[in-house]
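Enquirer: This is the structure, below, for whatever I ask next.
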Amino acid sequence: MRRTAGITASAATSISSYSHPSHSPSPSSSPSSSPSSSPSSSPPHPPPNPNPNPNPALANTSSPPLSTSPHPSSSSASSHSSPSLAASTTPTAARDSKPWIDPAALPSHGSVAHIAGNAPEHIKRLTQNTFFAYGVGAPPPPARASAARAQRERNMGVEGGIERGMERLEASTTAEIRVTRGMLNGAGMLHGGCVAYLVDNCCSTPLVVLGLLQRRNGVGVTQAMTVLFHAPAAVGTTLRVVSTSVSLGARVMSSRCEIIAKETGRIVASAFLNKMQPGGAKL
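Here the UniProt record's numbering is used: position 217 in the sequence shown is 217, and no number is missing along the way.
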C-alpha cells in the first residue's frame, strides 16, 4: 500500500510540473516525488507551440507583410499620382475642336447701316463684331483708342469668278481713319508701328468675311507681315485702307492691303499678311 501511494504522488507532481513549467518544486515536498524515487514516471513535456507552422521563420505569416522597400511611402505616392497622370494624358482633341474665336459668339457693336457693299447684312455685322472684339478690345489704351475707335469700315464686298475650272471667291473691305497726334512719330508723321497695327486689323477683315461665306473660321493669329512704306502721312490725313483676301485654307490664310491718302490718292504703305489657325497648347 505504501508503494502505490508513492507512485500516485509522483504522477501528481509530474502533472503539476507540466502545467507550471516555471514553478520550482517546494522544499517541503515529499522525497518520494523526486525523479530518483519514481523511475517509471515520464519527464515533463515542453509547452505546446501556439503557432502550428513548424518553420519558426514564418511564425508571423498571419499578419500582413511589411514593405521591404527603402522608401515605404513610394507606393502610396505613386497611387496618389496616378489620377493626375491620367488627367495629363487626356487627348487634346476636345480642346482643339473649339475655334480660336467664333464670330457668332461675340457681342454686338452697333449698326452696320453705314457699311456699303454687296455682302449680306449678317456677315457685315459678324465681321464688325469680330473687328471690335478681337482687334480693338476693351478697354484699349489711350494711344490705341485713337487709332482703333476712329476707324470705321466703309465697304464690304464679295466677288466671284471661275478660275481654272474652279469657283474662286474674293472678299474685300475698305476702312477709313484720320491721322491724329497720338499716331505720329518724333518727326510729326504717321508712325510705322501704327501702320503695322492698321495692317494687322484691317487686313484680317476680308478673311473673316470669306470664312463666313465658306463656313470656315477665318479668324486666326498673325504668322508673318510684310510692310512697305511708300510715303509719309501728316496729321489730319484721311487714310483709306483697302484689303483683299488672297487665300483661305484649313490652317493658313493670307491677304493684302494698301493704305492710300484719300485727299491725294498717294499710296502711303502696302502690305501682305499671313495668318494661321492656332492649335492646342502643348506643355
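Beta carbons: idealized from backbone N, C-alpha and C, even for Gly.
These numbers come from a predicted model, not from an experiment.
#1: Could you tell me which of Gly-265, Thr-127, Asp-102 and Ala-119 sits nearest to Gly-110, measuring between CA atoms?
#2: Do Leu-207 and Leu-248 come within 8 angstroms of each other at the CB atom, strictly closer than that value?
#3: How big is the Cα-Cα spacing for Gln-214 and Lys-262?
#4: Look at the Cβ atom of Ala-196, then the Cβ atom of Val-227, and state whether they are nearer than 8 angstroms.
#5: Quick check: Val-209 and Thr-173, are their CB atoms within less than 8 angstroms of each other?
#6: Shortest alpha-carbon distance to Phe-132 belongs to which of Ile-101, Ala-187, Ala-119 and Leu-184?
#7: Is the Cβ of Gln-128 closer than 8 angstroms to any Cβ of chain C?
#8: Please list the terminal residues of the continuous alpha helix (DSSP H) segment that includes Thr-127.
#9: Give me, in chain order, the residues of the same chain whose beta-carbon lies closer than 8 angstroms to that of Asp-200; leave out the 5 immediate sequence neighbours on both sides.
#10: Please specify which runs of the beta strand (DSSP E), each continuous and at least 3 residues long, are wholly inside the stretch 205–281, giving them in chain order.
#11: Please report the distance separating the alpha-carbon of Pro-103 from that of Gly-192.
#12: Note down the Cα distance separating His-122 from Ala-187, rounded to an integer number of angstroms.
#13: Give the straight-line distance between the Cα atoms of Met-276 and Gly-211, rounded to the nearest whole angstrom.
#14: Just the C-alpha distance for Val-235 and Phe-229, rounded to the nearest angstrom, thanks.
Expert: Put simply:
#1: In the sequence shown, residue 110 corresponds to position 110, counting from 1. Checking every option, the nearest Cα to that of Gly-110 belongs to Thr-127.
#2: Here residue 248 refers to the residue found at position 248 of the sequence shown. Here residue 207 refers to the residue found at position 207 of the sequence shown. Closer than 8 angstroms, so yes.
#3: Numbered from its first residue, the sequence shown carries residue 214 at position 214. Numbered from its first residue, the sequence shown carries residue 262 at position 262. Between Gln-214 and Lys-262, the C-alpha separation is close to 32 angstroms.
#4: Within the sequence shown, numbered from 1, the residue matching residue 196 stands at position 196. Within the sequence shown, numbered from 1, the residue matching residue 227 stands at position 227. In contact: Ala-196 and Val-227 (Cβ atoms closer than 8 angstroms).
#5: For the purposes of this step, residue 209 is taken as the residue at position 209 of the sequence shown. For the purposes of this step, residue 173 is taken as the residue at position 173 of the sequence shown. Cβ atoms of Val-209 and Thr-173: closer than 8 angstroms.
#6: Looking up residue 132 in the sequence shown gives position 132. Nearest option by C-alpha distance: Ile-101.
#7: Protein chain content of the structure displayed is limited to a single chain, and chain C is not contained in it.
#8: Indexing the sequence shown from 1 puts residue 127 at position 127. From DSSP, the alpha helix (DSSP H) with Thr-127 extends over 121–130.
#9: For the purposes of this step, residue 200 is identified with residue 200 of the sequence shown, where counting begins at 1. Closer than 8 angstroms at the Cβ level, and outside the excluded window around Asp-200, lie Gly-135, Thr-222, Met-225 and Leu-273.
#10: 221–229, 238–248, 252–261 and 267–276
#11: Residue mapping note: residue 103 aligns to position 103 of the sequence shown, counting from 1. Residue mapping note: residue 192 aligns to position 192 of the sequence shown, counting from 1. In this structure, the CA atom of Pro-103 is about 29 angstroms from the CA atom of Gly-192.
#12: Counted from its first residue, the sequence shown places residue 122 at position 122. Counted from its first residue, the sequence shown places residue 187 at position 187. Each residue's Cα considered, the two are about 42 angstroms apart.
#13: Working through the sequence shown from its first residue, we reach residue 276 at position 276. Working through the sequence shown from its first residue, we reach residue 211 at position 211. Cα-Cα distance, rounded: 13 angstroms.
#14: Stepping through the sequence shown from its first residue, residue 235 is reached at position 235. Stepping through the sequence shown from its first residue, residue 229 is reached at position 229. Those two C-alpha atoms are separated by around 17 angstroms.
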